[in-house]
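Asker: Read in order, the letters of the sequence shown correspond to residues 1 to 105 in the UniProt record's numbering. Encoded as structure tokens, here's the structure I'll be asking about.
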Amino acid sequence: MNKIDLKKDKYRKARGGHSRLLDLSCAKCGAHLFYYQKDGPGILKRTYLDRIVDIKIGKSKLVCPKCKELLGVPIIYKKENRPAIRLFEGSVSKKITKSSPKNNG
Numbered sequence: 001m002n003k004i005d006l007k008k009d010k011y012r013k014a015r016g017g018h019s020r021l022l023d024l025s026c027a028k029c030g031a032h033l034f035y036y037q038k039d040g041p042g043i044l045k046r047t048y049l050d051r052i053v054d055i056k057i058g059k060s061k062l063v064c065p066k067c068k069e070l071l072g073v074p075i076i077y078k079k080e081n082r083p084a085i086r087l088f089e090g091s092v093s094k095k096i097t098k099s100s101p102k103n104n105g
């Protein structure tokens, strides 16, 4: 995968201007899911669709491609009227990574 440029927009600014790239994987089997730009501090409760970097997720449930575990459901985050995936607690593992992650396959 090529170098990833993190988005610098109103959502990032609203969360203090700090972003990091997370490598998200299934907590059950460890399968890579996607890279995600996390803006601001705090725990990861949801993933906004416009912050998912390497795959496109539609308005369907987030399911692990390997073990088929249900990891999250689609929502519209009402405060910002943004489509997102609400993650189930403990369903994903995350690792902070550099903005030029290695190709996983």
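Each residue gets a CB set at the ideal place from its N, CA and C atoms; glycine is no exception.
Drop a sphere of 10 angstroms on the beta-carbon of Lys95, count the other beta-carbons inside from all chains shown, and report buried for 16 or more, exposed for fewer.
Answerer: exposed
Asker: By alpha-carbon positions, which one of Leu21, Val73, Asp23, His32 ends up nearest to Cys67?
Answerer: Minimum Cα distance to Cys67 is reached at His32.
Asker: Taking Asp54 as the reference, give the member of Leu70, Glu89, Leu21, Lys78 with the closest Cα.
Answerer: The shortest CA-to-CA distance from Asp54 to any of Leu70, Glu89, Leu21, Lys78 is the one to Leu21.
Asker: Please work out which residues of its chain come closer than 8 Å, Cβ to Cβ, to Val63, disregarding the five sequence neighbours upstream and downstream, and give them in chain order.
Answerer: Correct list, in chain order: Glu69, Leu70, Leu71.
Asker: Hey, Met48 and Arg82 are a contact pair by Cβ (cut 8 Å); roughly how many whole angstroms apart?
Answerer: At residue 48 the sequence reads Tyr, which differs from the Met that was named. Rounded, the Cβ-Cβ distance is 5 Å, consistent with contact.
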